[in-house]
Amino acid sequence: MRIPIDRSLTTPLYRQIETWLKENISSGGLAPGTRLPASRVLADELGVSRITVKNAYAGLESDGLILTREGSGTYVMPPTADSTRGSEDDALTWPLWQVEAAGEPQPRVDPGRPQYRHPQLISFTGVGDPRLFPLRDFAHTLQDVLHRDGLSALEYGAFGGGYGPLRETVTHVLASQGIQAHPQNVLITSGSQQALALACQVLLKAGDVVVVEKPTYNMALDLFRFLGLKMIGVPVDEGGMQIDGLETLLQQVHPRLIYTIPNFQNPSGACMSGARRRQLLALAQRYNVPILEDDFVGDLRYEGHGQPAIKALDGGGHVIYVGTFSKMLMPGLRVGYLLANGPIFKRLVDQKQAQDLTTAPLMQRALDRYVTVGRYQAHLRRTTRLYRARRDAMLGAIRRHLPGVRVLPPQGGLFAWLKLPDGLSSLRLLPLALEAGVEFAPGTRFFPLPGEGEPFLRLNFAACTPEEIEQGMLRLGQVLRRMEG
Ligand code: PMP
């Protein structure tokens with residue numbers, strides 16, 4: 001079996017063998033029932049140690065792709081019932097209610113992934129850098145909490161707005177960002193994604209119009225789509241959402257919600273100017289439309305002056321403010337929060353309770369113990385320093401390797417938003433880039449309507465080292481030149 005392995009790569013040899021076999025099994029090249037060579041034989045053929053082959057086989061076996069029968073050999077397994085079901089297209093095999101529930105197929109905004117996966121893919125998708133997660137400290141914190149609180153850490157705890165001390169801690173974190181809040185107006189949610197969903201569920205019904213920035217956060221767009229909302233996009237420039245045409249829109253289409261990410265917007269990186277924040281709030285007040293303010297990385301600023309949160313300018317309950325610990329700490333905790341004043345707060349609490357009773361109480365306690373303001377600020381300073389250097393590396397590499405590409409230099413946050421030279425499409429670029437070992441998010445994901453955003457792409461610079469950024473942009477530049485030429 002001639003498995004191509006490359007010793008110059010940092011990918012371990014067992015992983016290269018495992019990946020090659022996995023791809024060939026899933027493509028059908030190695031049919032079910034095929035007997036794989038004994039580990040000793042394959043090791044000799046490839047010039048690797050036997051343990052290397054055994055490790056590769058162990059990985060495949062735990063994925064259910066092969067089976068070793070003592071004394072008989074190692075065989076490729078037939079596809080499982082689950083995997084055949086997943087790929088089943090024939091709707092007639094499903095009950096009618098399933099077909100109805102599936103609805104119309106959605107237009108695809110992305111090309112499919114190519115079969116081939118570059119062994120040293122540099123990915124500029126995602127958010128933040130998992131290598132910064134405070135793993136050891138957090139493990140200790142969890143132990144401390146279990147030791148301190150015993151069984152009560154494993155109970156539901158009080159429902160309502162969440163774990164009391166954490167609600168208070170959130171107000172301290174917010175105060176350090178210039179937002180005054182009272183714990184009784186803080187609702188702890190399962191990530192800020194849930195906070196966005198709760199606000200929409202309480203305020204809107206299918207068919208209602210929501211104003212969104214164009215471009216905006218793709219999973220918020222998905223949420224709005226799932227809820228059957230109509231989206232009207234307002235363009236974003238380097239000063240954030242363009243407010244000029246908004247008043248006419250408010251008069252003509254009567255939106256029921258304005259969704260905005262004023263700081264280091266996802267995906268454009270733009271920051272809304274102070275003047276626009278005030279104008280937006282004034283318009284929302286005049287036309288009686290709530291603002292949903294998503295501040296997912298508001299405190300990750302590399303230069304310039306911070307603008308007040310729209311919530312901080314709002315004395316009268318016009319703004320529902322949403323924040324998260326996902327970006328500064330760890331997204332896997334699934335802890336976010338919202339801040340709301342007035343009767344809507346109780347509606348949000350009740351909605352949350354009906355949906356999932358409570359956000360994982362153990363995580364709330366652990367997070368509260370972990371996040372003292374001092375520790376949060378220290379972590380923020382360290383992350384800011386590191387991500388700023390990565391942002392600079394990204395802007396430099398774009399200048400060097402991507403001539404003709406325009407970029408909005410972000411003053412904070414995680415993303416660089418690029419516009420390709422005229423006539424080029426990020427959707428057509430993506431499969432070629434993946435083949436060359438670099439991944440990005442095509443602009444189409446971030447626009448409300450299909451067909452918009454093709455000339456744009458989003459790069460997350462925060463998750464990669466300056467060396468990876470340089471290498472990634474070099475590869476992207478080569479692909480672009482091939483496309484242009
Ligand atoms: N808002 C924005 C703008 C985001 O980018 C994300 C996640 N990428 C979220 C909200 C949701 O994050 P979480 O649910 O992890 O708090």
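Under my numbering, the residue at position 365 of the sequence shown is numbered 365, and the numbers go up by one with no gaps. The beta carbon of each residue, even a glycine, is placed where N, CA and C say it ideally should be. Nothing here was measured: the structure is a model prediction, and the numbers come from that model.
Out of curiosity, what's the CA-to-CA distance linking residue 139 and residue 166?
-> Cα to Cα, residue 139 sits roughly 18 angstroms from residue 166.
Could you tell me the distance, in whole angstroms, from the CA atom of residue 371 to the CA atom of residue 246?
-> Cα to Cα, residue 371 sits roughly 39 angstroms from residue 246.
Given that a residue counts as buried once 16 or more other Cβ atoms are within 10 Å of its Cβ, and exposed if not, what is residue 288?
-> Answer is exposed; the Cβ neighbour count stays below 16.
Is the beta carbon of residue 337 within less than 7 angstroms of some heavy atom of the ligand PMP?
-> Outside the cutoff, so no.
Hey, residue 216 and residue 460 are a contact pair by Cβ (cut 8 angstroms); roughly how many whole angstroms apart?
-> Between residue 216 and residue 460 the beta-carbon gap is near 16 angstroms, outside 8 angstroms, which marks them as no contact.
Relative to the alpha-carbon of residue 250, which residue among 208, 317 and 376 has its alpha-carbon at the smallest distance?
-> Ranking the options by Cα distance to residue 250, first place goes to 208.
Cβ contact check for the region 279-294 and the region 404-424: 3 or more pairs under 8 angstroms = Cβ pair count under 8 angstroms is below three, so no.
How is the beta strand (DSSP E) around residue 363 delimited, first residue to last?
-> Unbroken run through residue 363 is the alpha helix (DSSP H), 361-370; no beta strand (DSSP E).
Give the DSSP-derived three-state secondary structure of residue 327 in the structure shown.
-> In the three-state scheme derived from DSSP, where H, G and I count as helix and E and B as strand, residue 327 is classed as coil.
Runs of alpha helix (DSSP H) wholly within the region 146-233 (minimum 4 residues, chain order) | Under the rule that a run must span 4 or more residues, the alpha helix (DSSP H) segments found entirely inside the region 146-233 read 164-176, 191-203 and 218-226.
Contact check, residue 121 vs residue 196, beta carbons under 8 angstroms = Taking 8 angstroms as the Cβ cut-off, residue 121 and residue 196 do not qualify as a contacting pair.
Quick one: does the C-beta of residue 410 sit closer than 7 angstroms to a heavy atom of the ligand PMP?
-> Closer than 7 angstroms to some heavy atom of the ligand PMP: that does not describe the Cβ of residue 410.
Using the C-alpha atoms, what's the distance from residue 191 back to residue 331?
-> A straight-line Cα-Cα distance of about 8 angstroms links residue 331 and residue 191.
Candidates 295, 55 and 6: closest to residue 306 by CA position = Checking every option, the nearest Cα to that of residue 306 belongs to 295.
What's the C-alpha gap between residue 248 and residue 259?
-> Those two C-alpha atoms are separated by around 17 angstroms.
For the alpha helix (DSSP H) holding residue 264, just list the boundary residues, first then last.
-> Where residue 264 is concerned, there is no enclosing alpha helix (DSSP H), given that its DSSP letter is neither H nor E.
Applying the criterion that 16 or more other CB atoms from any shown protein chain within 10 Å of the CB defines a buried residue, is residue 12 buried or exposed?
-> Under this definition residue 12 is an exposed residue.
Going along the chain, which residues of its own chain have a beta-carbon closer than 6 angstroms to the beta-carbon of residue 153, five neighbours each way excluded?
-> Closer than 6 angstroms at the Cβ level, and outside the excluded window around residue 153, lie 145, 146, 362 and 365.
Can you check DSSP and say which residues form a bridge with residue 25?
-> In DSSP, residue 25 forms no bridge with anything.
Would you check whether the ligand PMP has a heavy atom nearer than 7 angstroms to the C-beta of residue 294?
-> Of the heavy atoms belonging to the ligand PMP, at least one sits nearer than 7 angstroms to the Cβ of residue 294.
Near the ligand PMP: residue 371 beta-carbon under 7 angstroms from a heavy atom | Exclusion of residue 371 from the 7 angstroms shell around the ligand PMP follows from its C-beta lying no nearer than that to any non-hydrogen atom of the ligand.
Endpoints, alpha helix (DSSP H) assigned at residue 53 = Unbroken alpha helix (DSSP H) run through residue 53: 50-62.
Mind checking which residues open and close the alpha helix (DSSP H) that includes residue 75?
-> Counting along the chain, residue 75 falls outside any alpha helix (DSSP H), though it belongs to the beta strand (DSSP E) covering 73-76.
State the Cα-Cα distance for the pair residue 78 and residue 60, rounded to the nearest angstrom.
-> Whole-angstrom Cα-Cα distance: 13 angstroms.
Opposing strand residues paired with residue 237 [DSSP bridges] = Its beta-bridge partners are 240.
Among residues of its own chain, excluding the 5 on either side of residue 90, which ones have a beta-carbon nearer than 8 angstroms to its beta-carbon?
-> Residue placement at residue 90 cannot be trusted, given a pLDDT of 49 that sits under 50; what the coordinates show is reported in the next sentence. Sequence-distant Cβ neighbours of residue 90 in its own chain, meaning closer than 8 angstroms and more than five residues away, do not exist here.
With a Cβ-Cβ cutoff of 8 angstroms, do residue 270 and residue 178 count as a contact?
-> Not closer than 8 angstroms, so no.
Going by CA-CA distance only, name the one from 475, 66, 255 and 47 that's closest to residue 32.
-> It is 66 whose Cα lies nearest to the Cα of residue 32.
Which first and last residues belong to the beta strand (DSSP E) in which residue 459 is found?
-> Counting along the chain, the beta strand (DSSP E) containing residue 459 begins and ends at 456-460.
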